[in-house]
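**Q**
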DNA sequence: GTTAGCACTCTTTTGTTTAGAGTGCTAACA
DNA sequence: TGTTAGCACTCTAAACAAAAGAGTGCTAAC
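Chains as they are written, first to last, in our numbering: chain G, 1 to 353; chain H, 1 to 353.
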């Protein structure tokens, strides 16, 4: 691919930015008039013609202006766009006030992130919360409830608690329950929850010969807890923002995309795809997923102590305000990192819902 | 309002049903041809003219057919529609399979309800879960975590558990924590969580002179738990179903309605409005809320032991399959009642998320 | 290398016509 | 008196045609 000279770059940049803000194909005459380059429409026409030949511009039809190609957006994102594009004060205030509000559980933080992200970028946002499946079993304990019921709580190393109410088998005494809990705790302590599979549970079973029914339900519970814990949670924001985009004035198109976003597993796949190397922009057909190949996605992962805790993304038309989106995501990214770092895990308030 | 004779009723019913299924204004000629009444188009024309005069029909313009008025729908829902309209076997199977799937938390049940409701009625569904704010404080307890942290769990009469991780004040011993928990538990036991206000907490404070910092955070936690518990939760389903409705082919209209549904408090108000007397149909302008006055809503509350535990509703165009919607809601209603009755509260698996 | 000019293309807008559906009214019929 | 056929009339939606507007490519001149 040959290098573009500065003038071509400048013109291309203007075309892209004009198209991003108007959603209309941009023509030479208009471009010349609007931004006062000291060039005539004819000259620009020639340049545009070149840019089209080089694959940066496309023409919907002969008598329309031109629109940027995926290749053009790529160049724009990587090189042309003005990098800093700092957020305005009011933007930042908006973010802060949305977060500062009140005590938030970790889920609430993600939820708020999705909301802010969509509101500020005017696009669909997606946030994936990777449940911490490295949580390590610490102990279980029975809490008394009434004569017939008790609460089984499972405590993990990072201070998360899961609980279920169980039936106390007839004739079983508190002492026995406690003994059972101790034995099981001893046997399972130190195992990552995700590791507690049938095999290990079977081993525990043979080791602890106790009331069959209770024990079975106990194991089932522990298994369920492990499973639940490791599920990735998806938060979707601002799907209705789509309706404000000119490219989604067609109800059928909206339906198509919304149908896709409705499937949680698809969204999960979307967010999980590719390596999780910081901020990543995927433009139009660069995208592997059918159905969103006329969209762009900006994605970022956050980490805590090296491992991924979450992924956020903005999805919208290829004609997207990349600079703004990237700025917002960068800011949110830094902000969340700081929250996570500060509220280090055991201190996370885990609000039951 | 004068009574309609049988023939008028029959004709009105047919017009309504035809309009419901086609979304097109229905004309006399078509009506005569489609359903073989032994009447000519002209006769029907006369009857329709009468019905219009009586306020049951409206004409978008002179040369179009006629469409039912709110008054007509009202009559239809109250009297004209065929009552039993049982669900098909496949409908019921669909419902059962959606529920039977796997162990569900109470939230999951509501979530599934919203999903099923929207899928089967092809309209937006809303489910309001009234959190059980009659939950009664039973006791709190500290569970050890590490040297610096402990988990505070709060147990209520119905077996729900809330928890937070707290910092252990320097120098405080486990014994002291336990003592504190016991004292506080004694003082608060039996109070409904919703009742635990500043006053009571203050009383506890003066009664138990202990570590200031810990105590303050303890009280804050209890207060927060009470607050969280009493929040009503809203589950929305099938908002994208809107896009399939002919009346929502206009993106602006979709945006309008979606904007309203986006506001959780609006949805809450919608569902809370009016008395909670079983099943209730609100048609078009009967509705008090601006923005949905060209929609109809079918709403039902479920109760357990006399008090309301939840509300579900279907929202769609006035041209709605009332019979179908009502059947589905009735069925779901009965089904959920049975679930709630069976899984009586202490047995509800409360899945932490 | 840049630009003005011009013919040409294609879409969008606007206006006009036509076909179709439905109505209301009148007169005839059972 | 209720029902029906017939017909003139109204209005919309679809089809078609013409005009306007935007943009291009090319050529020739600067």
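Even for Gly, the Cβ is constructed at its ideal location relative to N, Cα and C.
1) Would you report the Cα separation of residue 184(H) and residue 111(G), rounded to the nearest angstrom?
2) Using CA atoms only, rank isn't needed, just tell me which of 122(G), 154(G), 124(G) and 8(G) is closest to residue 137(G).
3) Would residue 96(G) be called buried (16 or more neighbouring beta carbons within 10 Å of its own) or exposed?
4) Name the DSSP bridge partner or partners of residue 233(H)?
5) From residue 19(H) to residue 120(H), what distance separates their C-alpha atoms?
6) Counting C-beta neighbours from all protein chains within 10 Å, is the total for residue 170(G) 16 or more, i.e. buried, or is it exposed?
7) If we call anything under 9 Å between Cβ atoms a contact, is residue 268(H) one with residue 281(H)?
8) Is DSSP giving residue 88(G) helix, strand or coil here?
9) Chain G partners of residue 255(H), CB-CB under 9 Å?
10) Which runs of the alpha helix (DSSP H) spanning at least 4 residues fall entirely within the region 106 to 182 of chain G, listed in chain order?
11) Identify whether residue 304(G) lies in helix, strand or coil by the three-state DSSP scheme.
12) Looking at the strands, I want to know which residues DSSP matches up with residue 26(H).
13) Output, in chain order, the set of chain H residues within a Cβ distance shorter than 7 Å of residue 234(G).
14) Is there a C-beta anywhere in chain H that falls below 9 Å from the one on residue 281(G)?
15) Please say whether residue 4(G) and residue 68(G) have beta carbons closer to each other than 9 Å?
16) Please state the DSSP three-state secondary structure of residue 238(H).
17) Starting from the beta carbon of residue 151(G), find every residue of chain H whose beta carbon is closer than 8 Å, and list them in chain order.
18) How long is the line joining the alpha carbons of residue 17(G) and residue 98(G), rounded to whole angstroms?
19) Kindly list the residues whose CB is nearer than 6 Å to the CB of residue 191(H), restricted to its own chain and excluding five residues on each side of it in sequence; keep chain order.
20) With C-beta atoms as the reference, is residue 157(H) less than 9 Å away from residue 135(H)?
21) Of the choices 168(G), 139(G) and 75(G), whose alpha-carbon is the least far from that of residue 150(G)?
22) Count the other C-beta atoms from every protein chain shown that fall within 10 angstroms of the C-beta of residue 340(G), then say buried if there are 16 or more, exposed otherwise.
23) Applying a beta-carbon distance threshold of less than 7 Å, which residues of chain H neighbour residue 180(G)?
24) For the region 302 to 317 of chain H, which residues have a beta carbon sitting closer than 7 Å to at least one beta carbon of chain G?
25) Short of 7 Å in beta carbon distance, which residues of its chain neighbour residue 113(G), apart from the five on each side in sequence? Order them along the chain.
26) Return helix, strand or coil for residue 7(H), following the three-state DSSP convention.
27) Within this structure, are the beta carbons of residue 26(G) and residue 55(G) separated by less than 9 Å?
28) Identify each residue in the region 49 to 78 of chain G for which the Cβ-Cβ distance to at least one residue of chain H is less than 9 Å, and report them in chain order.
29) Assign residue 310(H) to one of three DSSP states: helix, strand, or coil.
30) How many angstroms separate the CA atom of residue 240(H) from the CA atom of residue 260(G)?
31) Where does residue 296(G) fall in DSSP's three states?
32) Would you say residue 248(G) faces chain H, with C-beta separation under 9 Å as the test?
33) Hey, how far is the Cα of residue 91(G) from the Cα of residue 117(G)?
34) Residue 42(H): which of 51(H), 36(H) and 32(H) sits nearest, CA to CA?
35) Return helix, strand or coil for residue 317(H), following the three-state DSSP convention.
36) According to DSSP, simplified to helix, strand and coil, what is residue 81(G)?
**A** So, from the data block:
1) Taking the second chain and counting its residues from 1, one reaches residue 184(H) at position 184. Taking the first chain and counting its residues from 1, one reaches residue 111(G) at position 111. Approximately 34 Å between the Cα atoms of the pair.
2) As a first step, residue 137(G) is located in the first chain; it is residue number 137 there, counting from the start. Closest option to residue 137(G), Cα to Cα, is 154(G).
3) Within the first chain, numbered from 1, the residue matching residue 96(G) stands at position 96. Flag for residue 96(G) reads exposed.
4) Stepping through the second chain from its first residue, residue 233(H) is reached at position 233. The partner list for residue 233(H) (beta bridge, DSSP) reads 129(H).
5) As a working mapping, residue 19(H) is identified with position 19 in the second chain. As a working mapping, residue 120(H) is identified with position 120 in the second chain. Answer to the nearest angstrom: the Cα atoms are 20 Å apart.
6) To locate residue 170(G), count along the first chain from 1; it is residue 170. It is exposed - the Cβ of residue 170(G) has fewer than 16 other Cβ atoms within 10 Å.
7) The residue you call residue 268(H) lines up with position 268 of the second chain. The residue you call residue 281(H) lines up with position 281 of the second chain. Cβ distance not < 9 Å, so residue 268(H) and residue 281(H) don't count as in contact.
8) Your numbering for residue 88(G) matches position 88 in the first chain. Of the three classes helix, strand and coil, the one that applies to residue 88(G) here is coil, per DSSP.
9) Position 255 of the second chain holds residue 255(H). Within 9 Å Cβ-Cβ: 240, 243 and 244.
10) 106 to 121
11) For this step, residue 304(G) is matched to residue 304 along the first chain. The answer is strand: DSSP assigns residue 304(G) an E or B state.
12) The residue labelled residue 26(H) in the question sits at position 26 within the second chain. According to DSSP, which records beta bridges pairwise, residue 26(H) is partnered with 66(H).
13) As a first step, residue 234(G) must be located in the first chain, where it is residue number 234. Ordered by position in chain H, no residue passes the 7 Å Cβ test against residue 234(G), which lies about 12 Å from the chain.
14) To locate residue 281(G), count along the first chain from 1; it is residue 281. Output row for residue 281(G): interface = no.
15) The sequence position of residue 68(G) within the first chain is 68, counting from 1. The sequence position of residue 4(G) within the first chain is 4, counting from 1. Against a cut-off of 9 Å, the Cβ pair of residue 4(G) and residue 68(G) comes out as no contact.
16) The residue labelled residue 238(H) in the question sits at position 238 within the second chain. Three-state DSSP puts residue 238(H) in coil, outside helix and strand.
17) In the first chain, counting from the first residue as 1, residue 151(G) sits at position 151. Going along chain H in sequence order, the residues near residue 151(G) (Cβ under 8 Å) are 155, 159 and 161.
18) For this step, residue 17(G) is matched to residue 17 along the first chain. For this step, residue 98(G) is matched to residue 98 along the first chain. Straight-line Cα distance between these residues: approximately 30 Å.
19) Here residue 191(H) is taken as the residue at index 191 of the second chain, counted from 1. Counting only Cβ-Cβ distances below 6 Å, and skipping sequence neighbours, we find 137.
20) Here residue 157(H) corresponds to residue number 157 of the second chain, with the count starting at 1. Here residue 135(H) corresponds to residue number 135 of the second chain, with the count starting at 1. It is a contact, given that the beta carbons lie within the stated cut-off.
21) Against the first chain, residue 150(G) aligns to sequence position 150. Measuring from the Cα of residue 150(G), the nearest candidate turns out to be 168(G).
22) Counting from 1 along the first chain, the entry for residue 340(G) is found at position 340. So residue 340(G) ends up on the buried side.
23) Position 180 of the first chain holds residue 180(G). Here the premise fails: no neighbours, minimum Cβ distance about 17 Å.
24) none
25) Taking the first chain and counting its residues from 1, one reaches residue 113(G) at position 113. For residue 113(G), where only same-chain residues beyond five positions count, the Cβ hits under 7 Å are 127, 312, 332 and 336.
26) Residue numbering aside, residue 7(H) sits at position 7 when the second chain is read from its first letter. Note: residue 7(H) maps to helix in three-state DSSP.
27) Residue 26(G) sits at position 26 when you count from the first residue of the first chain. Residue 55(G) sits at position 55 when you count from the first residue of the first chain. It is not a contact, given that the beta carbons lie outside the stated cut-off.
28) none
29) Here residue 310(H) corresponds to residue number 310 of the second chain, with the count starting at 1. In the structure shown, residue 310(H) sits in a strand (DSSP, three-state: E or B).
30) The residue given as residue 240(H) occupies position 240 in the second chain. The residue given as residue 260(G) occupies position 260 in the first chain. Going from the Cα of residue 240(H) to the Cα of residue 260(G) covers about 11 Å.
31) Numbered from its first residue, the first chain carries residue 296(G) at position 296. If DSSP states are grouped into helix, strand and coil, residue 296(G) belongs with the strands.
32) Residue 248(G) sits at position 248 when you count from the first residue of the first chain. Yes - at least one Cβ of chain H is within 9 Å of the one on residue 248(G).
33) Counting from one through the first chain, the residue named residue 91(G) turns up at place 91. Counting from one through the first chain, the residue named residue 117(G) turns up at place 117. Taking the straight line joining both Cα atoms gives about 11 Å.
34) Against the second chain, residue 42(H) aligns to sequence position 42. It is 32(H) whose Cα lies nearest to the Cα of residue 42(H).
35) Position 317 of the second chain, counted from the start, is the residue given in the question as residue 317(H). Looking at residue 317(H) - three-state DSSP - the assignment turns out to be strand.
36) Locating residue 81(G) in the first chain gives position 81, where the first residue counts as 1. Looking at residue 81(G) - three-state DSSP - the assignment turns out to be coil, as it is neither helix nor strand.
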